[in-house]
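Written out below as structure tokens is the structure these notes cover.
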Amino acid sequence: MPRTLTRKDPSNFKTLQLLVEASPEGLSYQGMGMPLNFAQVLEKRKPVTVADNQRFSVELANLGVSVRLTLSWQGREYWVLVRQRRADRGDVVLKLISGYVPAHELNLPLLTAIQEVAEECLLETPDGWLSGRFGDTWLPTPYQSSLRYRESVHFNLRSLSGAARPVQCGNLKLLERPRAYVHLPTASLQLVYDLRLDLPKETRELSLLHVDEHLEGGQLIARLNRARPDLFLIPLDQGRPTTELLTLKQGQLSPASTRGLWLAESFAPQDGWLVRDERIRWKDWLSLQGI
Numbered sequence: 000m001p002r003t004l005t006r007k008d009p010s011n012f013k014t015l016q017l018l019v020e021a022s023p024e025g026l027s028y029q030g031m032g033m034p035l036n037f038a039q040v041l042e043k044r045k046p047v048t049v050a051d052n053q054r055f056s057v058e059l060a061n062l063g064v065s066v067r068l069t070l071s072w073q074g075r076e077y078w079v080l081v082r083q084r085r086a087d088r089g090d091v092v093l094k095l096i097s098g099y100v101p102a103h104e105l106n107l108p109l110l111t112a113i114q115e116v117a118e119e120c121l122l123e124t125p126d127g128w129l130s131g132r133f134g135d136t137w138l139p140t141p142y143q144s145s146l147r148y149r150e151s152v153h154f155n156l157r158s159l160s161g162a163a164r165p166v167q168c169g170n171l172k173l174l175e176r177p178r179a180y181v182h183l184p185t186a187s188l189q190l191v192y193d194l195r196l197d198l199p200k201e202t203r204e205l206s207l208l209h210v211d212e213h214l215e216g217g218q219l220i221a222r223l224n225r226a227r228p229d230l231f232l233i234p235l236d237q238g239r240p241t242t243e244l245l246t247l248k249q250g251q252l253s254p255a256s257t258r259g260l261w262l263a264e265s266f267a268p269q270d271g272w273l274v275r276d277e278r279i280r281w282k283d284w285l286s287l288q289g290i
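Sequential numbering of the sequence shown, starting at 0, is according to numbering that gives the first Met the number 0.
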């Protein structure tokens with residue numbers, strides 16, 4: 000039975016449209032216009048066209064962030080993926096941990112990214128749930144009223160090496176150098192942060208669970224469903240993905256089916272600054288990786 004963890008008023012979320020300017024040397028963005036709520040953002044997420052994949056100026060609906068999260072568990076490394084049912088696009092995909100950037104964090108999207116890790120990726124041990132830190136910053140514990148977080152130990156997040164080309168918000172350079180792409184089908188700018196999650200040494204019988212928000216009756220409701228953990232792991236071999244897909248429950252790794260599996264657009268081919276696809280088949284992505 001799914002467990003309701005939080006209820007939120009979606010009207011509290013506000014973001015801005017973007018003006019994005021790109022060149023072969025780098026990309027910059029800045030907010031423009033009046034603040035938009037969720038419904039207004041979705042209305043503006045309609046396909047756009049760009050003539051040159053390297054040099055352009057375009058107005059976009061919103062800024063999104065994703066986290067390519069590398070988890071170290073018992074001597075091996077894994078990428079963490081989330082299963083998402085996308086009502087606006089009528090599909091089910093595995094995606095990176097991701098979310099919309101609110102207006103007040105446009106110049107600090109890393110903050111949104113680490114908050115999304117805290118909200119979407121729950122780590123359960125027999126002694127309680129793990130909270131986390133990024134450097135000197137504690138991640139929020141968004142379900143504190145419903146779940147018992149451990150006080151004595153926590154996980155650590157840190158940045159891995161960033162993309163080659165710089166990204167700026169106005170004149171402010173994003174120091175972690177996220178990968179950036181303009182997603183043409185949704186008229187959005189997407190930033191992908193490469194982060195690593197290190198567990199406390201005493202972690203045992205770890206389970207990974209996903210919490211997703213759904214709009215119901217005018218409220219954003221977050222639920223935890225143990226029957227559908229919805230977090231998956233791709234094992235890495237010397238930093239490169241393999242053909243396996245796994246789940247982790249009570250310290251046990253189990254294979255997951257990849258039959259008919261689709262990945263979200265962040266896994267699709269990038270052409271310059273542009274991504275044109277909505278999704279990519281698992282087997283096609285493996286072919287692109289040469290595995």
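Ideal Cβ positions, reconstructed from N, Cα and C, are used throughout, including at glycine.
On a Cα-Cα basis, can you pick out the residue from the options that is closest to residue i?
i, options, result
"R225", "T242, Q249 and I233", "Q249"
"Q237", "T185, V166, E76 and L18", "E76"
"W284", "E58, L93, S71 and L17", "L93"
"A117", "L196, E264, E277 and G216", "L196"
"V66", "L156, N52 and R149", "L156"
"S256", "L244, A267, S265 and E264", "L244"
"D135", "D126, S22 and H153", "H153"
"A163", "R178, L252, F12 and L146", "R178"
"A221", "P234, L121 and W128", "L121"
"S286", "T242, D8 and T246", "T242"
"I96", "Q218, Q251 and D211", "D211"
"A102", "G32, G161 and W128", "G32"
"D296", "V64, S27, Q16 and A38", "The shown model of the chain, from 0 to 290, leaves out residue 296, and the question about it has no answer."
"R149", "G161, S158, E123 and E215", "E123"
"L183", "K43, L205 and L260", "K43"
"G98", "Q143, G127, N52 and V40", "V40"
"L235", "W72, A50 and E201", "W72"
Enumerate in chain order the residues of its own chain whose CB-to-CB distance from residue i is below 6 Å, with the five nearest sequence positions on each side excluded.
i, result
"P165", "G25 and K172"
"R169", "One detail in the question is off: residue 169 reads as Gly in this sequence, not Arg. Counting only Cβ-Cβ distances below 6 Å, and skipping sequence neighbours, we find Q29."
"V181", "L188, W272 and L273"
"L109", "E175"
"I279", "L262, F266 and A267"
"N106", "C168 and L171"
"R54", "S22"
"L260", "W281"
"L252", "L245"
"F37", "P9 and F12"
Would you please state the rounded distance, in angstroms, between the beta carbons of residue i and residue j? I believe it to be under 8 Å.
i, j, result
"P46", "T14", "About 19 Å separates the two Cβ atoms, so there is no contact after all."
"P228", "H209", "6 Å"
"E119", "V91", "E119 to V91, Cβ: 16 Å. No contact."
"A186", "L59", "5 Å"
"L198", "V79", "Not quite, the Cβ-Cβ distance comes to about 12 Å (not below 8 Å), so this is no contact."
"R147", "E277", "Not really, about 39 Å apart at Cβ, beyond 8 Å."
"L159", "P1", "At roughly 34 Å, the Cβ-Cβ gap does not stay under 8 Å, so L159 and P1 are not in contact."
With DSSP collapsed to three states, give me the class of residue i.
i, result
"K94", "strand"
"D211", "strand"
"W272", "coil"
"L109", "helix"
"E123", "strand"
"F12", "coil"
"V100", "coil"
"K248", "strand"
"K172", "strand"
"E20", "strand"
"Q189", "strand"
"Q288", "helix"
"A179", "strand"
"A38", "helix"
"K299", "A question about residue 299 goes unanswered here, because the residues of the chain that appear run from 0 up to 290."
"A263", "strand"
"P184", "helix"
"K282", "helix"
"K7", "strand"
"A117", "helix"
Among the residues of its own chain, which have a CB less than 8 Å from the CB of residue i, if the five just before and after it don't count?
i, result
"L138", "I113, Q114, V116, A117, S130, G131, R132 and L156"
Looking only at its own chain, which residues have a Cβ that is under 7 Å from the Cβ of residue i, when we skip the five neighbours before and after it?
i, result
"Q269", "Y180"
"E104", "L110 and T111"
Which ranges does the beta strand (DSSP E) cover as unbroken runs of at least 3 residues, wholly within the stretch 48-84, from first to last along the chain? 55-59 and 61-72
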